[in-house]
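Contents: one structure, followed by commentary.
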Amino acid sequence: MAHGVNVLVLAMVAMTRVDATGEALQMFKPPAGDRNIIDMTYDFAVNETIYWPTSEPFNLTVAFKGVMPESGVYYEANNFCAAEHGGTHIDAPAHFYRGSWVVDHIPIDGLIGDAVVVDVTAKVSGHEDYQATELDLRVWEEKHGRIPDGGILFLYTGWGRHWPNKERYLGTNTKNTSILHFPGLHSDAAKWLVENRKIKAFGIDTASLDYGQSKTFKTHTILFEKNIVGIENVANLDQLPPTGAMVIGLPMKIRGGSGAPLRIIGLLPQATRSAAIYHTATEWLILSIALFILAVIAV
Ligand SMILES: *[C@@H]1O[C@H](CO)[C@@H](O)[C@H](O)[C@H]1NC(C)=O
Ligand SMILES: *[C@@H]1O[C@H](CO)[C@@H](O)[C@H](O)[C@H]1NC(C)=O
Ligand SMILES: *[C@@H]1O[C@H](CO)[C@@H](O)[C@H](O)[C@H]1NC(C)=O
Ligand SMILES: [Zn+2]
C-alpha cells in the first residue's frame with residue numbers, strides 16, 4: 493500500500509507538471525508547425541533592406557566560401573556591417589532622449605508582451621502624411637477595450653505593402669530627408685499615451701515613429717522620455733489581430749547602442765477548444781495509468 497501511495501503522489505506531481513507546462517505551451521508553443529507564428533521581421537539583405545537615407549546600409553561580404561585546401565572541409569562565413577537604424581529594428585529611448593535607456597539597459601522582457609494593433613489604413617489611404625491621433629486610439633479602445641498596461645502598441649498604417657520599394661516606402665530614393673513622406677503617430681497622441689496608458693513599447697510599419705515630414709521628432713522624444721521603446725519597419729502587421737496576439741522581440745544586444753536590429757515574432761491566439769480537449773485528455777490518460785498501476789500493486 494505504501495507503494496500505492498507513492499504512485500499516487502507521483503501521479504499528482506505529474507498532473508501538476510502537465511498543468512504548468514500546459515499553460516506555458518499555450519502561451520509559447522503553437523501546435524502544428526509554425527502557422528500560428530507570424531514573422532514580423534524583414535530580411536536583412538544587401539541592396540534591399542531600407543535604411544534611413546543618411547545611414548550606412550546593410551553590407552554582407554564573403555569572408556570564405558568553399559573547400560578549405562588544408563583540411564578538405566567545406567566552410568562558409570561572412571562579415572556584416574550596418575547602421576543601427578534600418579530594417580526591422582528598435583530605437584532605444586536614448587536615441588532621442590539624453591540619459592534614457594540604451595539598448596543593453598532595456599529589460600529582457602521589454603519587448604515581450606501583449607500586442608494591440610490599431611489599424612489606421614483607412615485614414616492613411618490618400619494621405620501619405622497622415623499622423624494618427626488620440627481620437628484614433630480612443631475609437632479603437634471603444635471597440636476593443638483599454639490598451640493594456642505593459643502592452644506593446646502597434647500602429648498599422650499599411651505602409652508595409654511598399655517594402656522594399658524605397659522610393660514609395662520613404663517617399664524618395666535620395667538622401668534628401670526633407671522630401672520624406674510616410675505616415676506616423678502624432679505627438680499629441682504620444683503625449684496622451686504616456687499620460688494615460690502604460691505601454692512598454694510602440695511599433696510601426698514605417699521607417700519612423702514620427703511621420704516623414706517631421707523635423708523635430710516630437711513623438712520619439714515624448715515616448716523616449718518615459719523609456720518606451722520604439723520599433724520601426726515592423727513587417728506583416730496585417731496578419732496580427734487587433735488584440736490577443738503576443739509578441740516576442742529580441743534585439744541584438746549592442747552595449748551602449750542607440751538602436752539595434754531586431755528579430756520580432758507574433759504568436760497568434762490559439763484555437764482554444766482543441767487545446768483544452770488535448771489538455772483534458774492528457775490529464776485523464778495520466779490518471780488512468782496511475783490508477784491502473786495502483787490496482788496492479790494492490791493485487
Ligand atoms: C548591390 O549593388 C551593387 C551596385 O549596384 C552591385 O555591384 C552588387 O553586385 C549588388 N550586390 C548584390 C548582392 O545584389
Ligand atoms: C561592403 O564591404 C566591403 C568590404 O569591406 C567594401 O569593399 C564595400 O565597399 C562595402 N559596400 C558598401 C555598399 O558599403
Ligand atoms: C531637398 O529638397 C528640398 C525640397 O524639395 C529642396 O528645397 C532642397 O534644396 C533639397 N536639398 C538638397 C540638398 O537637394
Ligand atoms: Zn530607428
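Counting in the working numbering, the sequence shown runs from 493 upward without gaps.
Where a beta carbon is used, it is the ideal one built from N, C-alpha and C, also for glycine.
- Nearest-residue set for ligand 1, Cβ under 5 Å from any heavy atom: Chain-ordered list of matching residues: 538, 539.
- May I have the straight-line CA-CA distance separating residue 739 from residue 757, to the nearest angstrom? Within the sequence shown, numbered from 1, the residue matching residue 739 stands at position 247. Within the sequence shown, numbered from 1, the residue matching residue 757 stands at position 265. Between residue 739 and residue 757, the C-alpha separation is close to 6 Å.
- Query: Taking buried to mean at least 16 other C-beta atoms within 10 Å of its own C-beta, is residue 723 buried or exposed?
  - Reply: What you label residue 723 is simply residue 231 of the sequence shown in a count that begins at 1. Result: buried.
- Counting only the same chain and skipping the five closest in sequence on each side, list residues whose C-beta sits under 8 Å from that of residue 613. Locating residue 613 in the sequence shown gives position 121, where the first residue counts as 1. Excluding its 5 nearest sequence neighbours in each direction, residue 613 has C-beta neighbours in its own chain below 8 Å: 648, 649, 650, listed in chain order.
- CA-CA distance, residue 754 and residue 568? Residue 754 sits at position 262 when you count from the first residue of the sequence shown. Residue 568 sits at position 76 when you count from the first residue of the sequence shown. Residue 754 and residue 568 have their C-alpha atoms some 24 Å from each other.
- Please report how far the alpha carbon of residue 604 lies from the alpha carbon of residue 644, in whole angstroms. The sequence position of residue 604 within the sequence shown is 112, counting from 1. The sequence position of residue 644 within the sequence shown is 152, counting from 1. CA-to-CA, the gap between residue 604 and residue 644 works out to about 8 Å.
- Message: Bridge partners for residue 556 per DSSP, in chain order?
- Response: If you number the sequence shown from 1, residue 556 lands on position 64. In the DSSP secondary-structure assignment, residue 556 is bridged to 569.
- Query: Looking at residue 741 and ligand 4, is the gap between the Cβ and the nearest heavy atom below 7 Å?
  - Reply: Counting from 1 along the sequence shown, the entry for residue 741 is found at position 249. No, Cβ of residue 741 sits at least 7 Å from all heavy atoms of ligand 4.
- Sequence ranges, beta strand (DSSP E) only - wholly within the stretch 598 to 655, length at least 3: If only uninterrupted beta strand (DSSP E) runs of at least 3 residues are considered, those enclosed by the stretch 598 to 655 are 604 to 611, 644 to 648.
- Report the option in 741, 559, 585, 529 whose CA atom is closest to the CA atom of residue 710. Translated into the one-based positions of the sequence shown, residue 710 becomes position 218. The shortest Cα separation from residue 710 among 741, 559, 585, 529 belongs to 585.
- Message: Do residue 686 and residue 639 count as a contact pair if the criterion is CB distance below 8 Å?
- Response: As a first step, residue 639 must be located in the sequence shown, where it is residue number 147. As a first step, residue 686 must be located in the sequence shown, where it is residue number 194. No, they are not a contact pair.
- Message: Using a Cβ-Cβ cutoff of less than 7 Å, which residues in the same chain neighbour residue 641 once the five nearest sequence positions on both sides are dropped?
- Response: Residue mapping note: residue 641 aligns to position 149 of the sequence shown, counting from 1. Counting only Cβ-Cβ distances below 7 Å, and skipping sequence neighbours, we find 690.
- Task: State buried or exposed for residue 572, treating a residue as buried only when at least 16 other CB atoms are found within 10 Å of its CB.
- Result: Residue numbering aside, residue 572 sits at position 80 when the sequence shown is read from its first letter. It counts as exposed.
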